[in-house]
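Q:
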Amino acid sequence: MNKLILASGSPRRKEFLSYLGIPFSIVIPHADESLIKDEIPSELVKRLSKLKASIVAKEYPDAVVIAADTVVSLNAEILGKPKNRDNAFLMIKKLQGKTHSVYTGTTIQQNDKIRSFVCATEVTFAPLDDELIWTYVNSGEGDDKAGAYALQGIASMLIEKVKGSVSTVIGLPICEVRECLKEFGIVPKVIDAKK
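Residue numbering for the sequence shown follows the working numbering, beginning at 83 and increasing consecutively.
Structural data, given as structure tokens:
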């Protein structure tokens with residue numbers, strides 16, 4: 083087991099963490115991600131990232147564990163992963179023509195040392211008609227994504243503006259993670275971009 087563990091099965095988080103050039107393992111935590119009544123998005127993602135990190139840190143106490151959780155919020159309504167394509171359509175329909183916030187909570191833990199932070203980014207969707215929304219939804223790209231879309235994919239053609247960190251929207255604010263890892267003695271390596 084590597085000294086660094088990503089507590090997530092997300093291919094996007096795995097890709098971002100790989101940019102640091104540091105070997106890491108993946109351990110997927112089985113956490114109850116239920117909402118607590120009246121919990122605001124920033125508190126939710128911070129709580130869930132802490133929960134995920136603690137589950138894996140108990141199993142691997144000497145490793146540095148990184149966990150994250152991301153939600154989409156429109157006017158304080160939390161939009162999680164869609165239950166089905168109809169639900170995905172309704173989410174995109176709500177988001178079209180409006181600006182919403184994406185929150186990613188990140189926790190880095192090693193034994194009793196814990197650092198948690200929340201990053202937020204604003205995303206503005208273009209006005210969209212129902213046909214275009216269904217075309218996107220039926221692509222399947224947003225099936226397992228908060229808010230039913232993937233900024234880095236086909237959905238990029240639906241988005242007018244992003245104010246803040248793109249990596250926060252995708253699920254791991256890598257600049258902040260890189261900085262925070264220094265406190266745990268982990269420094270990025272030079273990577274060969276041609277590989």
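For each residue, glycine too, the CB sits at the ideal point set by N, CA and C.
Owing to the predicted nature of the structure, the values given are computational and were not obtained by experimental measurement.
Out of L161, V147 and K176, point me to the one whose CA is closest to K132's CA.
A: If we check each option's Cα against that of K132, V147 comes out closest.
Q: Classify A158 as buried or exposed, calling it buried when 16 or more other Cβ atoms lie within 10 Å of its own Cβ.
A: exposed
Q: Which stretch, first to last residue, makes up the beta strand (DSSP E) that contains F199?
A: K195 to F207
Q: Locate the beta strand (DSSP E) running through I87, then write down its first and last residues.
A: Its beta strand (DSSP E) spans residues L86 to L88.
Q: Kindly confirm or deny that the segment 245-258 and the segment 90-103 touch, where touching means at least three C-beta pairs closer than 8 Å.
A: yes
Q: Helix, strand or coil for K176 per DSSP?
A: Helix, per DSSP.
Q: Candidates Y142, A232, S198 and R260: which alpha carbon is nearest E125's?
A: S198
Q: What does the alpha-carbon distance come out to for the pair V154 and C201?
A: Cα to Cα, V154 sits roughly 12 Å from C201.
Q: Do you know how far the Cα of D194 is from the Cα of V219?
A: 43 Å
Q: Does Y218 come out as helix, strand or coil in the three-state DSSP assignment?
A: Helix at Y218.
Q: Below 8 Å on the Cβ atoms is my guess for A170 versus G224; work out the distance and round it to an integer in Å.
A: G224 and A170 do touch by the CB rule: their CB atoms are close to 6 Å apart, below 8 Å.
Q: Between A150, S116 and D144, which has its C-alpha nearest I110's C-alpha?
A: A150
Q: Cβ-heavy atom distance between I104 and the ligand GTP below 7 Å?
A: The model on display carries no ligand, and the ligand GTP is accordingly not part of it.
Q: I think A145 touches Q192, with their Cβ atoms under 8 Å apart; what is that distance to the nearest whole Å?
A: 7 Å
Q: When the distance is taken between beta carbons, is A208 closer than 8 Å to L161?
A: no
Q: Can you list, in chain order, the residues of its chain with a C-beta nearer than 6 Å to that of T203? Leave out the 5 residues immediately preceding and following it.
A: V184, G246, S247, T250 and V251
Q: With burial defined as no fewer than 16 other Cβ atoms inside 10 Å of the residue's Cβ, what is the status of G103: buried or exposed?
A: In this structure G103 is exposed. Its beta-carbon is surrounded by fewer than 16 other beta-carbon atoms within 10 angstroms.
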